[in-house]
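Encoded as structure tokens, the structure appears first; notes follow it.
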Amino acid sequence: MRNFRPERSRGVQASRKPSAILGSAIFFITAPGVVAGLVPWLASGRYGLPVASWPLAILGAALVAVGLGVVLHAFARFALEGLGTPAPIAPTDRLVVGGVYRHVRNPMYVAVLSIILGQALIFASWQLAAYAVIMGAVMATFVRIYEEPVLLRQYGADYEAYRQNVPGWLPRLTPWRGA
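For the sequence shown, numbering that gives the first Met the number 0 begins at 0 and goes up steadily by one.
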């Protein structure tokens, strides 16, 4: 499977990594940091200890921890494998299909929703649960209307093969190995 644009020299690739890492870090703070961090924190109105029962708080903390780990891994894949960022203004040079992307096409969105739902459990907040539902609908619409057509234009048959084999929202148990 050809999963990248015309090959760049190793020197050009190496020189892109620092800017890809910096761009991804900035986008991490401005996108998931706001959507899954700042907005839920402000919306919950709870700035102290969790108020949910301990079992719900523990489950919520697990969802937040797993979600955060997946988001960090996905951002690293964009910078190191794709030589770009998740931001549409600084896209990757390569189609990112490694790591967690072998299980699900939209791991960042799934992880952000996990973080928001985890906070809903921690704070016993139906408002945060509703926010997660709304954000899920917004993300799914953005993926369908913008991301998928752009990826299909940019990567053609490689993206189509990936799309046909890797689910968008519910991770597959075994990693996709590619064509």
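C-beta atoms are modelled at their ideal positions from N, C-alpha and C, and glycine is treated no differently.
Bear in mind that the values here come from a model prediction, so they are computed numbers and not experimental data.
Straight-line Cα distance separating residue j from residue i
i: residue 53; j: residue 63; result: 15 angstroms
i: residue 78; j: residue 67; result: 17 angstroms
i: residue 122; j: residue 148; result: 38 angstroms
i: residue 65; j: residue 97; result: 18 angstroms
i: residue 162; j: residue 87; result: 19 angstroms
i: residue 156; j: residue 132; result: 32 angstroms
i: residue 142; j: residue 165; result: 14 angstroms
i: residue 105; j: residue 61; result: 20 angstroms
i: residue 145; j: residue 172; result: 27 angstroms
i: residue 152; j: residue 125; result: 40 angstroms
Residue i and residue j closer than 7 angstroms at C-beta
i: residue 73; j: residue 99; result: yes
i: residue 58; j: residue 120; result: yes
i: residue 175; j: residue 76; result: no
i: residue 200; j: residue 56; result: Summary: the structure shown does not reach residue 200, with the chain confined to residues 0 through 178, and so no result is reported for it.
i: residue 70; j: residue 110; result: yes
Contacts around residue i, its chain only, beta-carbon distance under 8 angstroms, and the 5 residues preceding and following it disregarded
i: residue 169; result: 103
i: residue 107; result: 31, 69, 70, 73, 74, 85
Cut-off 6 angstroms between Cβ atoms - residues of its own chain near residue i, not counting five sequence neighbours on either side
i: residue 81; result: 91, 93, 95
i: residue 150; result: 158
i: residue 154; result: 94
i: residue 118; result: 39, 127
Per-residue DSSP class, three states only, for residue i
i: residue 93; result: strand
i: residue 80; result: coil
i: residue 102; result: coil
i: residue 175; result: coil
i: residue 40; result: helix
i: residue 59; result: helix
i: residue 116; result: helix
i: residue 139; result: helix
i: residue 53; result: helix
i: residue 165; result: coil
i: residue 66; result: helix
i: residue 74; result: helix
i: residue 6; result: With a pLDDT of 46 at residue 6, under the threshold of 50, the predicted position of this residue should be treated as unreliable, and no value is reported.
i: residue 87; result: coil
i: residue 148; result: helix
i: residue 156; result: helix
i: residue 35; result: helix
Beta-carbon contacts of residue i that lie in its chain and below 7 angstroms, excluding the five residues immediately before and after
i: residue 135; result: 112
i: residue 12; result: Caution is warranted here: a pLDDT of 48 is assigned to residue 12, below 50, making its placement in the model unreliable, and the coordinate value is therefore given only provisionally. Correct list, in chain order: 82.
Top-ranked residue by Cα proximity to residue i, from the options
i: residue 39; options: 164, 154, 130, 148; result: 130
i: residue 139; options: 65, 87, 167, 125; result: 167
i: residue 160; options: 124, 125, 177; result: 177
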